[in-house]
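Trainee:
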Amino acid sequence: MSEFYCSKPSRCGLFFATAMVLGLAACTPQDQGAGSSNAGASSPTASPASAAFTSYSSALPSTDENNQCSLDTVNNQAASDNVVVPVGSDVMFGGWAGDGKGSAAKKFLLLLKGAKTYSASMHTGIARPDVAKALSSDGMANSGFNVSASLTGVLAGTYTVFLADPVNAGNVCASKRKIVLQ
Numbered sequence: 002m003s004e005f006y007c008s009k010p011s012r013c014g015l016f017f018a019t020a021m022v023l024g025l026a027a028c029t030p031q032d033q034g035a036g037s038s039n040a041g042a043s044s045p046t047a048s049p050a051s052a053a054f055t056s057y058s059s060a061l062p063s064t065d066e067n068n069q070c071s072l073d074t075v076n077n078q079a080a081s082d083n084v085v086v087p088v089g090s091d092v093m094f095g096g097w098a099g100d101g102k103g104s105a106a107k108k109f110l111l112l113l114k115g116a117k118t119y120s121a122s123m124h125t126g127i128a129r130p131d132v133a134k135a136l137s138s139d140g141m142a143n144s145g146f147n148v149s150a151s152l153t154g155v156l157a158g159t160y161t162v163f164l165a166d167p168v169n170a171g172n173v174c175a176s177k178r179k180i181v182l183q
């Protein structure tokens, strides 16, 4: 085995330190970027839209005409029947929404209905090929949404989550999920 000899120790130390830094950098996972093919359809990666909930005064229809929606995630966790979130916090909602006729909803309202009703504006546009395949509808291919919404001003309580068309008041979809603000 050959020996390594360094005539100037300070330069050798700098050489080895540089080599170690470069070696560690090569082993560190790199950011995949927006065009990455690793982004799964069930967890959209597009930057979330920002919104704030405000009081909503319109009455919701007694029956849901639209069943093409799902609230999949709350704060990047799988949505359950009763998701608990702190009063006044910002909450990330993710899922998909259709117009009830086999096409992605364009602009919808995310509604929280409890003792009072609140709304936040949202839009679709995130690729959801899983939804299009499950519903056999190419029009649902970009039905996904991510919205970060501020709950500032929303009172503590239990709220059912709905998606509603701001233009057609009869086009409402119940997500069958509840948010509990504590």
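Counting in my numbering, the sequence shown runs from 2 upward without gaps. Ideal Cβ positions, reconstructed from N, Cα and C, are used throughout, including at glycine.
Answer yes or no: do V148 and A121 have a C-beta to C-beta separation smaller than 8 Å?
Mentor: Translated into the one-based positions of the sequence shown, residue 148 becomes position 147. Translated into the one-based positions of the sequence shown, residue 121 becomes position 120. Yes; because the gap between Cβ atoms is below 8 Å, this pair is in contact.
Trainee: Could you give the DSSP three-state label for G103: helix, strand or coil?
Mentor: As a working mapping, residue 103 is identified with position 102 in the sequence shown. It is coil, neither helix nor strand.
Trainee: On the three-state DSSP scale, how would you describe K179?
Mentor: The residue you call residue 179 lines up with position 178 of the sequence shown. Here K179 sits in strand by DSSP.
Trainee: Short of 8 Å in beta carbon distance, which residues of its chain neighbour E66, apart from the five on each side in sequence? Order them along the chain.
Mentor: Within the sequence shown, residue 66 is the residue found at index 65, counting from 1. Hits under 8 Å: G101, G171, N172, V173.
Trainee: In whole angstroms, give me the CA-to-CA distance for F54 and N68.
Mentor: For this step, residue 54 is matched to residue 53 along the sequence shown. For this step, residue 68 is matched to residue 67 along the sequence shown. F54 and N68: Cα-Cα distance of roughly 23 Å.
Trainee: Does the stretch 125-143 come within contact of the stretch 95-111, defined as at least 3 CB pairs closer than 8 Å?
Mentor: Counting Cβ pairs under 8 Å, three or more are found: they touch.
Trainee: Expressed to the nearest angstrom, what Euclidean distance is found between the alpha-carbon atoms of S56 and L156?
Mentor: What you label residue 56 is simply residue 55 of the sequence shown in a count that begins at 1. What you label residue 156 is simply residue 155 of the sequence shown in a count that begins at 1. Each residue's Cα considered, the two are about 10 Å apart.
Trainee: Rounded to a whole number of angstroms, what is the C-alpha to C-alpha distance between N77 and G154?
Mentor: As a first step, residue 77 is located in the sequence shown; it is residue number 76 there, counting from the start. As a first step, residue 154 is located in the sequence shown; it is residue number 153 there, counting from the start. Taking the straight line joining both Cα atoms gives about 22 Å.
Trainee: With a threshold of 16 other CB atoms inside 10 Å of the CB of V132, please say whether the residue is buried or exposed.
Mentor: Walking along the sequence shown from the start, residue 132 turns up at place 131. Buried is the call here.
Trainee: Under the rule that 16 or more other beta-carbon atoms within 10 Å means buried, what is A1, buried or exposed?
Mentor: Since the first residue shown for the chain is 2 and the last is 183, residue 1 is missing from the structure and cannot be characterised.
Trainee: Using a Cβ-Cβ cut-off of 8 Å (strictly less than) and excluding sequence neighbours within five positions of L25, which residues of its own chain qualify?
Mentor: As a first step, residue 25 must be located in the sequence shown, where it is residue number 24. Confidence at L25 is low in this model, with a pLDDT of 34, below 50, so the placement of that residue should be treated as unreliable; the coordinate-derived value is given next. Result list for L25: empty, nothing under 8 Å.
Trainee: With burial defined as no fewer than 16 other Cβ atoms inside 10 Å of the residue's Cβ, what is the status of V92: buried or exposed?
Mentor: Numbered from its first residue, the sequence shown carries residue 92 at position 91. By the neighbour-count rule (16 or more Cβ atoms within 10 Å), V92 is buried.
Trainee: For the alpha helix (DSSP H) containing K117, name the first residue and the last one.
Mentor: The count along the sequence shown starts at 1 and reaches residue 117 at position 116. Element bounds for K117: n/a, residue is neither H nor E.
Trainee: Only counting the same chain, and skipping five residues up and downstream in sequence, which positions put a Cβ closer than 6 Å to that of V181?
Mentor: Indexing the sequence shown from 1 puts residue 181 at position 180. Excluding residues within five positions, the ones whose Cβ falls inside 6 Å are N83, V85, T159.
Trainee: So the alpha helix (DSSP H) V132 belongs to, where does it begin and stop?
Mentor: For this step, residue 132 is matched to residue 131 along the sequence shown. Segment 130-135, the alpha helix (DSSP H) holding V132.
Trainee: Only counting the same chain, and skipping five residues up and downstream in sequence, which positions put a Cβ closer than 7 Å to that of L113?
Mentor: On the sequence shown, residue 113 is found 112 positions in, with the first residue counted as 1. Once the five neighbours on either side are set aside, the close Cβ partners of L113 are F54, Y119, V155, Y160, V162, I180.
Trainee: By a C-beta neighbour count over all protein chains shown, 10 Å radius and 16 as the cutoff for buried, is D254 buried or exposed?
Mentor: For the chain, the structure presents residues 2 to 183; residue 254 sits outside this window and is missing.
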